[in-house]
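Novice:
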Amino acid sequence: MPSNTARLLRRPEVLSLTGMSRSTLYASMTLGLFPRPVRIGAQAVAWREADVLHWIETRPEVDAA
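Start counting the sequence shown at 0; every next residue gets the next number (numbering that gives the first Met the number 0).
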């Protein structure tokens with residue numbers, strides 16, 4: 000998916016954007032339901048902002064009943 004958004008997001012920002020907990024984030028990645036991060040250092044990873052935003056945009060809307 001080509002993107003104009005080239006920012007990399009660290010975990011706290013990903014959690015804030017998605018509203019997920021840390022354990023839910025990693026469980027979702029394990030199940031293939033959330034994008035995996037890219038390595039940015041020996042012990043550091045980050046998520047592509049475009050991938051996270053695409054994931055958010057493709058979530059189903061909830062009807063307010």
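Just so you know, even glycine gets a beta-carbon here, dropped at the ideal spot from N, CA and C.
Given this structure, state the Cα-to-Cα distance separating Asp62 from Leu32, to the nearest angstrom.
Specialist: Stepping through the sequence shown from its first residue, residue 62 is reached at position 63. Stepping through the sequence shown from its first residue, residue 32 is reached at position 33. Approximately 22 Å between the Cα atoms of the pair.
Novice: Distance, Cα to Cα, Arg35 vs Gly18?
Specialist: Residue numbering aside, residue 35 sits at position 36 when the sequence shown is read from its first letter. Residue numbering aside, residue 18 sits at position 19 when the sequence shown is read from its first letter. Near 17 Å, if we compare the C-alpha coordinates of Gly18 and Arg35.
Novice: What are the partner residues of Arg35, as DSSP defines its beta bridges?
Specialist: Here residue 35 corresponds to residue number 36 of the sequence shown, with the count starting at 1. Arg35 is not bridged to any residue.
Novice: Suppose contacts are defined by Cβ-Cβ distances below 8 Å. Is Leu24 in contact with Val13 by that definition?
Specialist: For the purposes of this step, residue 24 is taken as the residue at position 25 of the sequence shown. For the purposes of this step, residue 13 is taken as the residue at position 14 of the sequence shown. Yes; because the gap between Cβ atoms is below 8 Å, this pair is in contact.
Novice: Leaving aside the five residues before and after Leu50 along the sequence, list all residues of the same chain whose C-beta is less than 7 Å from its C-beta, in chain order.
Specialist: The sequence position of residue 50 within the sequence shown is 51, counting from 1. Sequence check: residue 50 is Asp here, not Leu. Here the set comprises Pro34.
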